[in-house]
Amino acid sequence: VEGNHERQSIQTVVRGEIDADKLDYLLRDSYNAGVNNAIGLERIISTMTLHDDSIVFKEKGLDVIESFLVTRNLMFSSVYHHHTGRVADAMLLRATQLAMPIKNFEAMTDFELISFLLSNKKSKKMTQRILYRKLFKTAFSISSRKITEEEKIQANELFRLGKEKIEQSIIQKSGLEENDVLVQLPAKDIENDNIKLKELNILLERKNGELIKVLEVSELAKALMKREATDSVLSIYCSEENIAKAVKGL
């Protein structure tokens, strides 16, 4: 899990660009979200092979590797980083932070965590909003697709401050209370989580044993690598009735 196993092949199965976890959650989540996926699980597995204790893929499996990358990119852009999902994520993270420390946090199921958050005085209000779909709204956002030079300067200044200082500044200027405003830096968070495909090192093995990177032979993989998982650079969330105050506090 930490990425330092002595056997590279075992390491790749647990934590790699096409690992057991990704194959599992992409298939399961795309099905439950009603998103068409083109992941041929059996074919992906059948094209895997060992090369000097590293897991690589036979060259004939390029098309199914591309299908995997397309599905992964689609799920991140349309499901995992959908704006409503990001708001709920930010609220759940804050509720969890408010309830800390949480004993045996890593061993909790979703139901156990939510039950604990509801029982905690500090996190109860935020958790109830999530459960009853009273999600915060977007008070302010900057998009990379339409960003102006003025917004670039503003975004860079805010990045330097960081989430906590931005929130504190808005609270002080607007008169809102602690936790009435949540700040999210989606593009920065995604880069930290290594969701972008900028380091795509999936290897293909040719019939003569030569190894080549998928990026060397796939125009589709190159295009996906350049595509952003989200176009949101910065987002500020609050309840609908507090939007005007939050904007005033910027």
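Residue 421 is where the sequence shown starts when you use my numbering, and the numbers rise one by one after that.
Heads up, the beta-carbon is just placed ideally off N, CA and C, and yes, glycines get one too.
Remember, it's a predicted structure, so these values are computed and weren't measured experimentally.
Below 8 Å, how does it come out for the segment 621-636 and the segment 482-501: are there three or more Cβ pairs, yes or no? Yes: the two stretches touch, three or more of their Cβ pairs being nearer than 8 Å.
Report buried or exposed for Lys541, applying the criterion of at least 16 other Cβ atoms within 10 angstroms of its Cβ. It counts as exposed.
Under 8 Å, do Ala666 and Ala575 count as touching if we go by C-beta distance? No Cβ-Cβ contact shorter than 8 Å links Ala666 with Ala575.
Which residues in the same chain have their Cβ closer than 6 Å to the Cβ of Glu660, if we skip the five residues on either side of it in sequence? Scanning its chain for C-beta atoms nearer than 6 Å, with the 5 sequence neighbours on each side dropped, one finds around Glu660 the residues Lys557, in chain order.
The alpha helix (DSSP H) enclosing Phe679, as first and last residue numbers: This structure cannot settle anything about residue 679, because the visible part of the chain is limited to 421 through 670.
Looking at the secondary structure, which residues open and close the beta strand (DSSP E) in which His471 lies? It spans Met468 to His471 - the beta strand (DSSP E) in which His471 sits, taken as one unbroken run.
Can you list, in chain order, the residues of its chain with a C-beta nearer than 7 Å to that of Phe488? Leave out the 5 residues immediately preceding and following it. Answer for Phe488: Ile438, Ile459 and Ile464, listed in chain order.
Here's the rule: buried if 16 or more other CB atoms are within 10 angstroms of the residue's CB, otherwise exposed. What is Arg427? Exposed: under 16 other Cβ atoms inside 10 Å.
Which residues in the same chain have their Cβ closer than 7 Å to the Cβ of Lys642, if we skip the five residues on either side of it in sequence? Answer for Lys642: Leu635, listed in chain order.
Do Met511 and Leu447 count as a contact pair if the criterion is CB distance below 8 Å? No Cβ-Cβ contact shorter than 8 Å links Leu447 with Met511.
With 16 other CB atoms within 10 Å as the buried threshold, where does Gln431 fall? Only buried fits Gln431, as 16 or more other CB atoms lie within 10 angstroms of its CB.
With burial defined as no fewer than 16 other Cβ atoms inside 10 Å of the residue's Cβ, what is the status of Asp613: buried or exposed? Because the pLDDT at Asp613 is just 43, under 50, the model does not fix this residue reliably, and the value given afterwards should be weighed accordingly. It counts as exposed.
Inspect the beta-carbon positions of Gly505 and Ser594 and report whether they are closer than 8 Å. Taking 8 Å as the Cβ cut-off, Gly505 and Ser594 do not qualify as a contacting pair.
According to DSSP, what are the bridge partners of Lys557? Under DSSP, Lys557 forms a beta bridge with Cys658.
Limits of the beta strand (DSSP E) - the one that Phe496 falls within: No beta strand (DSSP E) contains Phe496, which DSSP labels as neither H nor E.
Alpha carbon to alpha carbon, how far is Glu639 from Ile591? Give it in angstroms, no decimals. One Cα belongs to Ile591, the other to Glu639, and the distance between them is close to 47 Å.
Taking only the alpha-carbon atoms, compute the straight-line gap between Val653 and Phe525 and give it to the nearest angstrom. In this structure, the CA atom of Val653 is about 30 Å from the CA atom of Phe525.
Is DSSP giving Val653 helix, strand or coil here? If DSSP states are grouped into helix, strand and coil, Val653 belongs with the strands.
My output table needs one value for Val603: the three-state DSSP class, helix, strand or coil. The answer is strand: DSSP assigns Val603 an E or B state.
Any idea which residues DSSP pairs Phe477 with across the strands? Note: Phe477 sits in a beta bridge opposite Met468 and Leu624.
Boundaries (first-last residue) of the beta strand (DSSP E) holding Ile632: First-last of the beta strand (DSSP E) with Ile632: Leu631 to Lys633.
Write down the C-beta distance between Met546 and Ala515 rounded to the nearest angstrom, noting that I regard them as a contact closer than 8 Å. The pair is a contact, with the Cβ atoms about 4 Å apart (cut-off 8 Å).
With a 10 Å radius around its C-beta and 16 neighbouring C-beta atoms as the bar for buried, classify Thr491 as buried or exposed. By the C-beta density criterion, Thr491 is buried, having at least 16 other C-beta atoms within 10 angstroms.
Per DSSP, what kind of secondary structure is Ala508 in: helix, strand or coil? Ala508: helix per DSSP, three-state reduction.
So, helix, strand or coil for Ser563, using DSSP? Of the three classes helix, strand and coil, the one that applies to Ser563 here is strand, per DSSP.
Taking Leu407 as the reference, which of Asn452, Ile656 and Asp444 has the closest Cα? Outside the shown range of the chain (421 to 670) lies residue 407, about which nothing can therefore be said.
Taking all protein chains shown into account, decide if Thr469 is buried (16 or more other Cβ within 10 angstroms of its Cβ) or exposed. It counts as exposed.
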